[in-house]
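Peer 1:
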Amino acid sequence: MSPQRKAARRLAVTAPDGVRLAAWSSGDSSRPTVLLVHGYPDTHTVWDVVAAALAKDWHVLRYDARGSGESERPSAKAAYELPALAGDCRAVVGAAGVEGKVHVVGHDWGSITAWEAVTAADAAGWIASYTTISGPCLDHVAAWTRDRLRHPSPGRLAPVLRQQAKSWYLGLFQLPVLPELAWKRALGPRWDKRLQRTEGIPADEVHTAITLTQDALAGLNMYRANMFPRLSHRPQAKPAAAPVQFVVPLKDKYVSPGLAAAGLDWASPAWWRTIDTGHWGALITHGAQVASWVDEFARHIDGDPESAALAAARV
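Residue numbers for the sequence shown, in the working numbering: -3 to 311.
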């Protein structure tokens, strides 16, 4: 168990639909709150480096998303639809007894989930700011793709084609049986080595959960419940109800800068910061930098003067 986990206080959370979630609170609960939302196939521990840095000055909440870690794993695909995932975010905040608005940070599917939350009708009442890392709003992606296909040119189509190459696994995850076999026999047992090889993360910094394969299998429902329904239908207009900071890993093998930029049309005000690392490196090897940016951004939104570095990142 990590030192960060030992120092955290465990919370039992019940989602609006009755799913039981495991959450953790660290730092001084009287201070403003930062909510960290993890992605696939991770648990809340992927935030260890970021959470430890932020907990010095903030109240930090994180949780195992439904289907992962110590949280319940519903069997129904519908239980993983985005409104339910976004509802979990607010349920965690409510269970912690937080008063006032929170600063939300999402990564991968946690970022997709948080986009759903920050674009919801009630978002302005509880979200102060949003930092998105490697996970777009699916409605923004649909609008971005349709716009480029309707008005094509080499320059406009190139980002779409680059992202399609990165998203090869989306079709695979829709298939029956094959993705499950891949996780059980190949990906799961070798995940640590994969992160070391493809992300350049040192072996002593890779700490995957013992529930990894279970988490990956349950989490396939997120792809099956949301990807094609959202991307194949007419996208909804979904502006963010809070200021948005985009943190964009330049070596991300799954989410291109072009795809991340799809959200800029729906975020105002917005800040854009790039970091020279991969998809998971942003949280692990570069977690201290990301925590610093979250701290700087959230302090500004809470009333501190905008730093020169943050002003330079404003879009």
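From the three backbone atoms N, C-alpha and C, an ideal C-beta is built for every residue, glycine too.
Quick caveat, the model's predicted, so the values are computed rather than measured.
Look at residue 148 and residue 258 and say whether their C-beta atoms are less than 7 angstroms apart.
Peer 2: On the sequence shown, position 152 is the one that residue 148 refers to. On the sequence shown, position 262 is the one that residue 258 refers to. Taking 7 angstroms as the Cβ cut-off, residue 148 and residue 258 do not qualify as a contacting pair.
Peer 1: May I have a chain-ordered list of the beta strand (DSSP E) segments no shorter than 3 residues that lie completely inside the stretch 197 to 255?
Peer 2: 240 to 245
Peer 1: With distances taken between CB atoms, is the gap from residue 24 to residue 55 smaller than 7 angstroms?
Peer 2: The residue you call residue 24 lines up with position 28 of the sequence shown. The residue you call residue 55 lines up with position 59 of the sequence shown. Going by C-beta atoms, residue 24 is nearer than 7 angstroms to residue 55.
Peer 1: Nearest CA to the CA of residue 11: which residue from 79, 155, 229, 157?
Peer 2: The residue you call residue 11 lines up with position 15 of the sequence shown. Distance check between residue 11 and each of 79, 155, 229, 157 places 79 closest, using alpha-carbon atoms only.
Peer 1: Is residue 100 helix, strand or coil when you go by DSSP?
Peer 2: Locating residue 100 in the sequence shown gives position 104, where the first residue counts as 1. DSSP places residue 100 in strand when its eight states are reduced to three.
Peer 1: Please list, in chain order, all residues of the same chain as residue 252 whose beta carbon is under 7 angstroms from its beta carbon, the five residues on each side excluded.
Peer 2: Numbered from 1 along the sequence shown, position 256 holds the residue referred to as residue 252. Correct list, in chain order: 155, 158, 159, 162.
Peer 1: Taking DSSP as the reference, what is the three-state secondary structure of residue 280?
Peer 2: Numbered from 1 along the sequence shown, position 284 holds the residue referred to as residue 280. Residue 280: coil per DSSP, three-state reduction.
Peer 1: Distance, Cα to Cα, residue 184 vs residue 36?
Peer 2: Translated into the one-based positions of the sequence shown, residue 184 becomes position 188. Translated into the one-based positions of the sequence shown, residue 36 becomes position 40. Distance between the alpha carbons of residue 184 and residue 36 is about 13 angstroms.
Peer 1: Tell whether a beta-carbon distance below 7 angstroms holds between residue 187 and residue 204.
Peer 2: As a first step, residue 187 is located in the sequence shown; it is residue number 191 there, counting from the start. As a first step, residue 204 is located in the sequence shown; it is residue number 208 there, counting from the start. Taking 7 angstroms as the Cβ cut-off, residue 187 and residue 204 qualify as a contacting pair.
Peer 1: Hey, how far is the Cα of residue 242 from the Cα of residue 13?
Peer 2: By one-based count along the sequence shown, residue 242 stands at place 246. By one-based count along the sequence shown, residue 13 stands at place 17. In a straight line, the C-alpha of residue 242 is about 31 angstroms away from that of residue 13.
Peer 1: In the DSSP assignment, the alpha helix (DSSP H) including residue 147 goes from what residue to what residue?
Peer 2: Position 151 of the sequence shown holds residue 147. Careful: residue 147 lies outside any alpha helix (DSSP H) and carries neither H nor E.
Peer 1: Compare the Cα-Cα distances from residue 128 to each of 101, 217, 307 and report the closest residue.
Peer 2: The residue you call residue 128 lines up with position 132 of the sequence shown. The residue with the shortest Cα to Cα distance from residue 128 is 101.
Peer 1: Cβ of residue 128 versus every heavy atom of the ligand MG: is any distance shorter than 6 angstroms?
Peer 2: With respect to the ligand MG, the structure offers nothing, as it holds no ligand at all.
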